[in-house]
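Q: One structure is given below, represented as structure tokens, and several questions about it will come after.
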Amino acid sequence: MATRVTVIGAGVVGLTSAWWLLQAGFRVRLLERAAEPGEGASYANGGQLSYHYVSPLADAGVPLKALRWLMQRDGPLRFHPQADPQQWRWLLQFLRHCNSTDNARSSAILLELAQLSRQSLASLEPQLSLHSIGWRQPGKLLLYRDHKQFAAAVAADANRFDAPVPATAAISASAACAILPEPDARRQYLSPDQALALEPALATLHPSLAGAIFDPGEAVADCHAFCLALLGQIRAHPLFDGMLQTQALGLRKAAGQALTLETTTGTLEADHFVLAAGIHSRALAASAGLALPLYPLKGYSLSAPVGPDHRAPSISVTDVERKVLYARIGDQLRVAAMVDLAGMDSRINPSRLASLRRLVHAAMPDAADYDNAIPWAGLRPATPSGLPIIGATGHPGLWLNLGHGALGFTLACGSAHLLADLMLGRPASPALATLAWR
Ligand SMILES: Cc1cc2nc3c(=O)[nH]c(=O)nc-3n(C[C@H](O)[C@H](O)[C@H](O)COP(=O)(O)OP(=O)(O)OC[C@H]3O[C@@H](n4cnc5c(N)ncnc54)[C@H](O)[C@@H]3O)c2cc1C
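Right under this line is the structure:
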């Protein structure tokens with residue numbers, strides 16, 4: 000009889016966990032409180048599969064930059080101080096990680112997990128058509144408006160990856176179209192003119208650019224479509240025990256007995272529970288005595304229709320200074336931005352939405368039909384270091400796969416693969432082993 004696992008949460012992390020556990024031979028049940036899967040942070044995120052540019056927010060110089068961002072009308076950051084010890088504790092821990100040593104260490108770990116994710120997603124291709132989820136590999140352009148920042152980014156790349164490729168290297172927007180090419184596909188360091196030649200949708204931004212980095216290996220896809228497609232595969236798997244539409248209330252452990260889960264429809268038993276409920280994992284873990292260092296970082300997106308007369312970018316674009324990202328997904332342009340520390344509130348703040356609209360009109364005015372764009376806000380489940388927490392806990396039978404912050408879509412497949420390996424008793428690499436809860 001196969002070991003029974005209940006995965007709590009059917010966002011992109013819970014669904015990928017369920018899939019890789021089924022592949023590993025576990026009998027899996029999914030538990031989701033919403034009517035449909037993928038309606039939390041996974042719903043209308045930026046859609047970037049960012050396999051190389053994984054640097055966490057915490058870095059040297061970020062506290063000073065944050066002060067500047069807070070003063071800007073349309074700045075990327077908002078802080079709403081609350082009488083919430085978790086908010087202040089998280090901020091203090093975040094500040095402690097704002098140094099180049101921690102950033103380099105976390106980036107190296109995330110890079111390894113991202114490469115595992117790339118390979119794991121590719122392994123899904125026979126069952127799940129990547130094209131059906133809007134998957135494309137157009138590469139990514141990182142735009143820099145400041146010469147010093149651009150020079151620093153190029154130098155950091157030289158340390159992190161291979162030696163830079165001269166800017167004269169011939170490239171074209173369609174150069175990287177094979178599915179999941181070599182992970183070491185070379186980055187290109189571009190002048191503003193070269194960036195514009197590569198991506199004509201940068202016409203308005205061009206005068207304000209100092210330079211750009213083009214990474215041909217980065218991809219985009221629709222995270223919500225991926226969740227629905229993967230659920231279809233999960234439902235068809237012979238070891239799938241079904242999806243319960245119910246809310247988990249808390250974990251319980253009576254002396255000498257196995258862990259159980261209280262839900263709105265009764266008590267559940269399983270050999271293992273996997274907590275993958277995004278930001279809501281914090282409250283559920285607290286019921287088992289675990290104080291997870293998670294805080295919600297609210298972000299916004301617009302999904303705007305692209306018509307034949309629009310000049311939408313084909314390449315995925317990140318405006319590094321403004322922290323706005325653009326991804327063409329099917330017949331829509333997805334624009335995502337903002338980091339608001341405002342507690343467990345996923346409502347759309349009209350003034351932040353107005354900021355996002357001003358930013359996109361200023362940067363790419365003709366790219367899409369912004370008047371008919373659908374706005375959305377979601378809560379990134381963020382740890383202070385930017386590293387997710389994946390692995391066992393001190394409670395036999397309780398596993399964690401959470402805290403993926405701004406990279407949950409990118410890292411979901413690798414995280415699920417790692418979790419399944421750990422649950423089978425296979426050791427993680429030294430870097431990935433550090434993601435365990437301690
Ligand atoms: C604006 C924005 C842009 C982003 N852009 C990108 C990007 O471009 N690339 C990228 O890689 N990542 C991006 N992210 C991050 C990514 O979206 C998240 O990291 C990821 O979606 C987190 O997935 P999750 O499954 O952990 O959480 P969620 O998607 O929130 O899923 C958690 C699930 O658990 C369920 N749940 C919660 N509590 C309970 C309970 N008590 N009982 C039962 N079910 C419960 C919820 O209903 C939900 O379905 C972005 C995020 C935002 C907000």
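Here numbering that gives the first Met the number 0 is used: the first residue of the sequence shown is 0, the next is one more, and so on. Positions of the beta carbon are idealized from the N, C-alpha and C atoms, including for glycine. Because the structure is a prediction, the values reported are computed rather than measured.
Taking the beta strand (DSSP E) that residue 21 falls in, what are its first and last residues?
A: No beta strand (DSSP E) contains residue 21, which is instead part of the alpha helix (DSSP H) from 11-22.
Q: Identify every residue that forms a DSSP beta bridge with residue 399.
A: Looking at the DSSP assignment, residue 399 forms a beta bridge with 274, 390.
Q: Can you tell me which residues form a DSSP beta bridge with residue 297?
A: Answer by DSSP bridge pairing, in chain order: 339, 378.
Q: Alpha carbon to alpha carbon, how far is residue 338 from residue 93? Give it in angstroms, no decimals.
A: Approximately 14 Å between the Cα atoms of the pair.
Q: Answer yes or no: do residue 379 and residue 240 have a C-beta to C-beta separation smaller than 8 Å?
A: Against a cut-off of 8 Å, the Cβ pair of residue 240 and residue 379 comes out as no contact.
Q: How about residue 189 and residue 201: are their beta carbons less than 8 Å apart?
A: Their beta carbons are not under 8 Å apart, which means residue 189 does not touch residue 201 by this criterion.
Q: Assign residue 171 to buried or exposed, taking buried as 16 or more other Cβ atoms, counted over all protein chains shown, within 10 Å of its Cβ.
A: Because the pLDDT of residue 171 is 28, which lies under 50, any placement of that residue in the model is unreliable, and the number read from its coordinates should be weighed accordingly. Residue 171 should be labelled exposed.
Q: Nearest to residue 327 by alpha carbon, out of 0, 1, 45?
A: The option with the nearest alpha carbon to residue 327 is 45.
Q: In three-state DSSP terms, what is residue 315?
A: Strand.
Q: Measuring only from the beta carbon, is residue 158 closer than 7 Å to any heavy atom that is part of ligand 3?
A: Ligand 3 is not part of the structure shown, which contains ligand 1 as its ligands.
Q: Is the closest heavy atom of ligand 1 to the C-beta of residue 438 under 7 Å?
A: Residue 438 is absent from the model: the chain starts at 0 and stops at 437.
Q: Suppose the cutoff is 6 Å on Cβ atoms and the five residues either side in sequence are ignored; what does the same chain contact list for residue 73 look like?
A: Answer for residue 73: 354, 357, 358, listed in chain order.
Q: Please state the DSSP three-state secondary structure of residue 3.
A: It is a strand residue.
Q: Helix or strand or just coil, what does DSSP make of residue 81?
A: Coil, per DSSP.
Q: Mapping the DSSP letters down to three states, classify residue 143 as helix, strand or coil.
A: Three-state DSSP puts residue 143 in a strand.
Q: Checking 8 Å against the spacing of the C-beta atoms, do residue 319 and residue 334 come in under that value?
A: No, these two residues do not count as a Cβ contact at 8 Å.
Q: In the structure shown, what three-state DSSP assignment does residue 70 receive?
A: Three-state DSSP puts residue 70 in a helix.
Q: Alpha carbon to alpha carbon, how far is residue 308 from residue 431? Give it in angstroms, no decimals.
A: Their Cα atoms are separated by approximately 46 Å.
Q: Compare the Cα-Cα distances from residue 10 to each of 280, 391, 261 and report the closest residue.
A: The residue with the shortest Cα to Cα distance from residue 10 is 280.
Q: Taking 7 Å as the cut-off, is the beta-carbon of residue 428 closer than that to any non-hydrogen atom of ligand 1?
A: The answer is no for residue 428.
Q: Would you say the beta carbon of residue 12 is closer than 7 Å to some non-hydrogen atom of ligand 1?
A: Residue 12: yes, Cβ under 7 Å from ligand 1.
Q: Hey, is residue 301 close to ligand 1, as in C-beta under 7 Å from one of its heavy atoms?
A: Every heavy atom of ligand 1 is 7 Å or more from the Cβ of residue 301, so no.
Q: Taking all protein chains shown into account, decide if residue 175 is buried (16 or more other Cβ within 10 angstroms of its Cβ) or exposed.
A: Annotation note: pLDDT 30 at residue 175 (below 50); position unreliable, no value reported.
Q: Should residue 83 go down as buried or exposed, given a rule of 16 or more other Cβ atoms within 10 Å for buried?
A: That one is exposed.
Q: Excluding the five sequence neighbours on either side, which residues of its own chain have a C-beta within less than 7 Å of the C-beta of residue 177, listed in chain order?
A: Reliability fails at residue 177, whose pLDDT of 35 lies under 50, so the model's placement of it is uncertain and no value is given.
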